[in-house]
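Single-structure report; data block below.
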Amino acid sequence: MKIIHYADRKDTEDERLARIIGLFTGRGAIQTCRNLGSLRTKLRRPCAHDDVLVIYPSNREGLAEIVAQRELLSHMKIVLVLPDRDEATVALGHLLRPRMISYNDSDFLDVAAVLVRMRENSDGRSP
Numbered sequence: 284m285k286i287i288h289y290a291d292r293k294d295t296e297d298e299r300l301a302r303i304i305g306l307f308t309g310r311g312a313i314q315t316c317r318n319l320g321s322l323r324t325k326l327r328r329p330c331a332h333d334d335v336l337v338i339y340p341s342n343r344e345g346l347a348e349i350v351a352q353r354e355l356l357s358h359m360k361i362v363l364v365l366p367d368r369d370e371a372t373v374a375l376g377h378l379l380r381p382r383m384i385s386y387n388d389s390d391f392l393d394v395a396a397v398l399v400r401m402r403e404n405s406d407g408r409s410p
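Reminder that position 49 of the sequence shown reads as 332 in my numbering, one-by-one numbering, no gaps.
Right, dumping it as structure tokens:
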């Protein structure tokens, strides 16, 4: 399982998210994209059925830009970390049909736990 980590900014919260994902899933499995152009390039390449996209936009406008690209994301398993808990942001995030939604004020252990479980399921180690 490969993890594509998309964040349109690099700050302490994003670094903490990447560090926690790496601790639980292994650094070698993570590929980071910092802009939509690099994400589009990565998504146009063939990917495995168990690859996961972790999306962490900096604000609702960044999320809207990703939602506008949802055709490219339709084949991906998505874990979404929303920038706020506003009802409009959450509704917009649901348009991506994520497997899981978390928020930027979480400890990200929930994200790591879901990714570990997804990896176990893809490896056939779980019922």
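Glycine included, every Cβ here is placed at the ideal spot set by N, Cα and C.
{"Query": "Tell me the DSSP secondary structure of residue 378 in three-state form.", "Result": "coil"}
{"Query": "Of all the options 393, 300, 335 and 304, which has the alpha carbon lying nearest to the alpha carbon of residue 356?", "Result": "335"}
{"Query": "Identify which residue in 298, 330, 350 and 326 has its Cα closest to the Cα of residue 378.", "Result": "350"}
{"Query": "Buried or exposed for residue 411, please, with buried defined as at least 16 other CB atoms from any protein chain shown within 10 angstroms of its CB.", "Result": "Absent from the structure is residue 411, since the part of the chain shown begins at 284 and ends at 410."}
{"Query": "What is the rounded straight-line gap between the Cα of residue 306 and the Cα of residue 371?", "Result": "32 Å"}
{"Query": "Which residue from 302, 290 and 401 puts its Cα closest to that of residue 319?", "Result": "290"}
{"Query": "Between residue 337 and residue 362, what straight-line distance do the alpha-carbon atoms span, to the nearest angstrom?", "Result": "5 Å"}
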